[in-house]
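Okay, structure first, notes after.
Protein chains in written order, with the working numbering: chain G, 1 to 526; chain L, 1001 to 1116.
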């Protein structure tokens, strides 16, 4: 029997028996076969001692059962690692940061409690997936859209708490959260925002309630277990259209991003935007590199190549959702603004009116039409998994140039090609900033994983040296990334620890999440 | 002799083959189809944007259907192995996602057209 750290087998057996009495024997998993189902399928530690392996899993089906589990865990100091649908792939999936933790699997808590298509929100439990919510809305013919992340089997609760992103105007998922129910480490149930008011009629309509606004404290954290969450939805739009903007030269990127930023921050462009470079794609297709590696072609040579081949250097696809007259005007306004860049060209794209048979739409567009799917997995090839490295950088052309140079230099030092699984250019996933989405491959091969872990750490360190931090990371690198957020002698991290000690003195909730360890498991900082 | 031969085959059929030849349990097949639609179809189904179907089509080059629901060569043990252990970037599925009973139903659905 694998044991939680610091827990003897006698106490662990007692705890498991009490878990069984609380939630039913069939929902307490202790066999090796079951425990294997909670390991990270994309682990960077396959066949290594450091692989995160839980000691057991428990699967309650309601908030009262969660409370009971938490109370038992407090008695025996059992670490509980909470998962919702368990599909946080590339970030650890179902696996804990601390081996020996008991997985608190909330998948059975899969009730859609309300979907309101007049005020446009949903109230859901953690085990509900984007697929479930979409199907419910379709079956009930409700006039709202969800904003799924690329893989649709994740949880709106889990993804929002991890501050995941989508493509539509509701793409910043944590920003769409309105009201939570949380089980604290002492077993008490708290409702945030207007939910604290008994009989409140606006729990999912006004975020802040009265007094300090605490919802952020429960995201990417281990301060409580979220058992219900309100999320704002988008009114089903009447129409969708998109169009492409292209500029010719390398240095056009500066006004190009400045214009994009103006349009996004003015809410003219409201969806996620991926930066693209047809010319760099061409360079890669000819055996060249996407990043600016040392010894690569000069800016002048690249501009000349673009001119000869008639390939634009930079491009974006802008997407618009809403009433036809408004989105037509938004696209026209965007073209007008980008026209200030000499040589800018435009191409009208798709133009849809709803309802329509969107099954025929190309798979890559489905998430932008609010339809959950798994087509993104088609981008992964050759590996058995991947980690996402995703630093936030400023939304400027200068920042992109610097990042392409810095990562190119790093890739050269590490002897790597410049291709990666997703993109060599950043996304405007979130408001006001860019994020890079790099895939670092994992394998069932210890040597290759060891090398890629070192690459990952170098990416984190090099990014931090340039003022770029990750927005989210795999359980194996949570300490590394948290350590980079070190302003004023790690003041924020120390505040996290103070909160942890106050709210969870026995350190039972998700030890190690986001690098936050309870006092009894804390290591001295290097 | 001929009659005896048929009789022998019949007897052997009762002893060894009949459990396999039994008509698929329609209710299990229906339940299994629901499980398939929920958990398998988004990657393994027919139509565009099904990454596992695309991967298997590229690998098998027409030797067998790429969409799982069209295959007739999978055994329950084979299906259970992949569901509970995963492969490549397909993760395993937990009992809180697909219960043992649902997995049995899924096997009934995916083997419904198998020739025995």
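Backbone N, C-alpha and C fix where the C-beta goes; we use that ideal spot for every residue, glycine too. Every value quoted in this text rests on a predicted model; they were computed, and no experiment measured them.
With a threshold of 7 Å on Cβ separation, who are the neighbours of residue i within its own chain once the five nearest residues in sequence on each side are excluded?
i	result
residue 405 of chain G	292
residue 168 of chain G	145, 147, 234, 271, 321, 368, 370
residue 442 of chain G	42, 43, 44, 383, 384, 385, 386, 387, 449, 452
Hey, residue i and residue j: beta-carbon distance below 8 Å or not?
i	j	result
residue 1029 of chain L	residue 1102 of chain L	no
residue 234 of chain G	residue 328 of chain G	no
residue 225 of chain G	residue 160 of chain G	no
residue 509 of chain G	residue 185 of chain G	yes
residue 105 of chain G	residue 92 of chain G	no
residue 254 of chain G	residue 343 of chain G	no
residue 79 of chain G	residue 4 of chain G	yes
residue 177 of chain G	residue 67 of chain G	no
residue 507 of chain G	residue 482 of chain G	no
residue 976 of chain L	residue 377 of chain G	This structure does not reach residue 976 of chain L, given that chain L is present from 1001 up to 1116, and the question cannot be answered.
residue 1066 of chain L	residue 1060 of chain L	yes
residue 163 of chain G	residue 219 of chain G	yes
residue 268 of chain G	residue 316 of chain G	no
residue 228 of chain G	residue 194 of chain G	no
residue 61 of chain G	residue 94 of chain G	no
residue 97 of chain G	residue 440 of chain G	no
residue 433 of chain G	residue 478 of chain G	no
residue 223 of chain G	residue 504 of chain G	yes
residue 469 of chain G	residue 391 of chain G	yes
residue 1111 of chain L	residue 1053 of chain L	no
residue 349 of chain G	residue 243 of chain G	yes
Could you pull the DSSP bridge partners for residue i from this structure?
i	result
residue 80 of chain G	G/102, G/509
residue 151 of chain G	G/373
residue 1091 of chain L	Residue 1091 of chain L is not bridged to any residue.
residue 352 of chain G	G/240
residue 257 of chain G	In DSSP, residue 257 of chain G forms no bridge with anything.
residue 225 of chain G	G/183
residue 230 of chain G	G/123
residue 21 of chain G	In the DSSP output, where bridge partners are listed per residue, residue 21 of chain G has none listed.
residue 386 of chain G	G/441
residue 12 of chain G	Residue 12 of chain G pairs with nothing; no bridge assigned.
residue 29 of chain G	G/57
Reducing DSSP to helix, strand and coil, say where residue i ends up.
i	result
residue 319 of chain G	strand
residue 1106 of chain L	helix
residue 191 of chain G	strand
residue 165 of chain G	strand
residue 391 of chain G	strand
residue 347 of chain G	strand
residue 208 of chain G	coil
residue 91 of chain G	coil
residue 467 of chain G	coil
residue 46 of chain G	coil
residue 477 of chain G	helix
residue 462 of chain G	helix
residue 441 of chain G	strand
residue 246 of chain G	strand
residue 53 of chain G	coil
residue 1067 of chain L	coil
residue 114 of chain G	strand
Tell me which residues share the same chain as residue i and place their Cβ nearer than 6 Å to its Cβ, disregarding the 5 neighbours each side in the sequence.
i	result
residue 1114 of chain L	1072
residue 30 of chain G	56
residue 311 of chain G	278, 279, 282
residue 275 of chain G	425, 426
residue 1093 of chain L	1083
residue 496 of chain G	516
residue 1015 of chain L	Low per-residue confidence applies at residue 1015 of chain L: pLDDT is 38, beneath 50, and the placement is therefore not dependable, though the value from the model is reported in the following sentence. Closer than 6 Å at Cβ, skipping near neighbours: no residue.
Around the Cβ of residue i, are there at least 16 other Cβ atoms within 10 angstroms (buried) or fewer (exposed)?
i	result
residue 207 of chain G	buried
residue 262 of chain G	exposed
residue 357 of chain G	exposed
residue 265 of chain G	exposed
residue 1087 of chain L	exposed
residue 165 of chain G	buried
residue 1027 of chain L	exposed
residue 118 of chain G	exposed
residue 1096 of chain L	buried
residue 152 of chain G	buried
residue 88 of chain G	buried
residue 355 of chain G	exposed
residue 417 of chain G	exposed
Which residues in the same chain as residue i place their Cβ atom closer than 8 Å to its Cβ, once the five residues preceding and following it in sequence are excluded?
i	result
residue 296 of chain G	288, 289, 408
* **Members of the segment 1064-1094 of chain L that neighbour chain C once the beta carbon cut-off is set at 9 Å** => Of the protein chains in this structure, namely G and L, none is chain C.
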